[in-house]
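Q:
Numbering (this note's numbering), first residue to last: 518 to 801.
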């Protein structure tokens with residue numbers, strides 16, 4: 518069994534869906550918040566691990582793929598004897614960008630409030646690049662890459678592989694039907710205010726409170742509603758679409774070069790196939 522399950526990948530790649538499944542399983546623990554980013558500090562990891570009564574500490578840290586501290590943080594944990602499984606969520610870059618643009622626009626995120634061009638540039642800039650994947654695969658950890666389509670359409674196969682790797686109980690009693698329904702903010706200004714409040718709670722260290730708020734269906738109904746039919750169409754420029762298509766093709770090339778195909782849309786790179794040693798420890 519691994520000590521730490523670290524899930525990375527851009528937002529809108531299935532992380533919320535995976536989170537709701539994992540948190541319902543007794544062998545997978547989220548002691549504070551979905552995005553704990555415990556890899557950034559050995560002390561933060563140890564504090565979180567102390568709250569886990571058996572099972573695996575889970576961390577769905579969407580932004581970790583472009584975090585400069587990812588490599589050194591993972592290596593520092595390895596020097597402390599922490600066994601890590603990384604999961605990379607990989608969605609078609611163009612589809613993910615369009616989904617992210619709709620999401621940010623409907624939620625009144627700062628990048629959307631600054632206009633359509635800035636929003637497009639922001640989501641393209643947030644893309645997962647081949648170089649970022651190379652850095653992840655350069656770590657001496659097992660890495661399971663999961664295609665978004667496989668995650669949502671063949672969830673049982675993904676979970677069976679995860680349970681096998683982690684040596685945990687099966688997911689037979691856990692609901693795995695897609696639970697993410699499209700919504701839009703009731704009032705964009707209210708959604709923006711909620712986002713700013715979430716940022717403040719995180720900076721104050723009130724992560725457990727923040728996650729309870731985010732998980733509350735009642736609070737969700739206050740802020741969001743089903744999308745109106747015939748909503749505004751979101752498009753990408755030809756330049757952005759080409760950039761994203763190239764990145765997606767190159768990312769899969771990296772995955773398939775270093776990983777073994779376990780199932781359609783599931784690729785595993787074992788730690789033993791990486792020739793790099795952990796670098797100097799950073800216990801900050």
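Note that CB positions come from ideal geometry on N, CA and C, so glycine has one too.
Considering just the uninterrupted stretch of the beta strand (DSSP E) at residue 777, what are its terminal residues?
A: That run of the beta strand (DSSP E) goes 777-780.
Q: Are the beta-carbon atoms of residue 579 and residue 628 separated by less than 7 Å?
A: No. Outside cutoff.
Q: Assign residue 736 to one of three DSSP states: helix, strand, or coil.
A: Note: residue 736 maps to helix in three-state DSSP.
Q: Would residue 784 and residue 662 be called neighbours here (beta carbons separated by less than 7 Å)?
A: Contact flag set, yes.
Q: Determine the direct distance from the alpha carbon of residue 770 to that of residue 569, and round the result to whole angstroms.
A: Approximately 37 Å, taken between the alpha carbons.
Q: Among 723, 766, 658, 669, which residue has its Cα nearest to the Cα of residue 588?
A: The candidate whose alpha carbon is nearest that of residue 588 is 658.
Q: Answer yes if the segment 547-566 comes into contact with the segment 613-626, meaning at least three C-beta pairs across the two stretches below 8 Å, and no otherwise.
A: Flag = no, the segment 613-626 and the segment 547-566 do not touch.
Q: Tell me where the beta strand (DSSP E) around residue 869 begins and ends.
A: Because the chain in this structure spans residues 518 to 801, residue 869 falls outside the shown range and cannot be described.
Q: Run through DSSP, which three-state label would residue 653 get?
A: Residue state, collapsed to three classes: helix.
Q: Mind listing, in chain order, the continuous beta strand (DSSP E) runs of no fewer than 3 residues lying wholly within the segment 546-610?
A: If we require 3 residues or more, the beta strand (DSSP E) runs fully inside the segment 546-610 come out as 573-577, 601-607.
Q: Throw me the rounded Cβ distance for the residue 582 and residue 632 pair, which I believe falls under 8 Å.
A: About 26 Å; that fails the 8 Å criterion.
Q: Secondary structure at residue 801, three-state DSSP: helix, strand or coil?
A: In this predicted model, residue 801 has a pLDDT of only 39, less than 50, meaning its place in the structure is not dependable; the value taken from the coordinates is given anyway. If DSSP states are grouped into helix, strand and coil, residue 801 belongs with coil.
Q: Residue 610 to residue 757, Cα distance in whole Å?
A: Their Cα atoms are separated by approximately 10 Å.
Q: Using the Cβ count rule (16 or more neighbours within 10 Å means buried), how would you classify residue 684?
A: Counting Cβ neighbours within 10 Å, residue 684 comes out exposed, since fewer than 16 surround it.
Q: Exposed or buried, which one is residue 664 when buried takes at least 16 other CB atoms within 10 Å?
A: It counts as buried.
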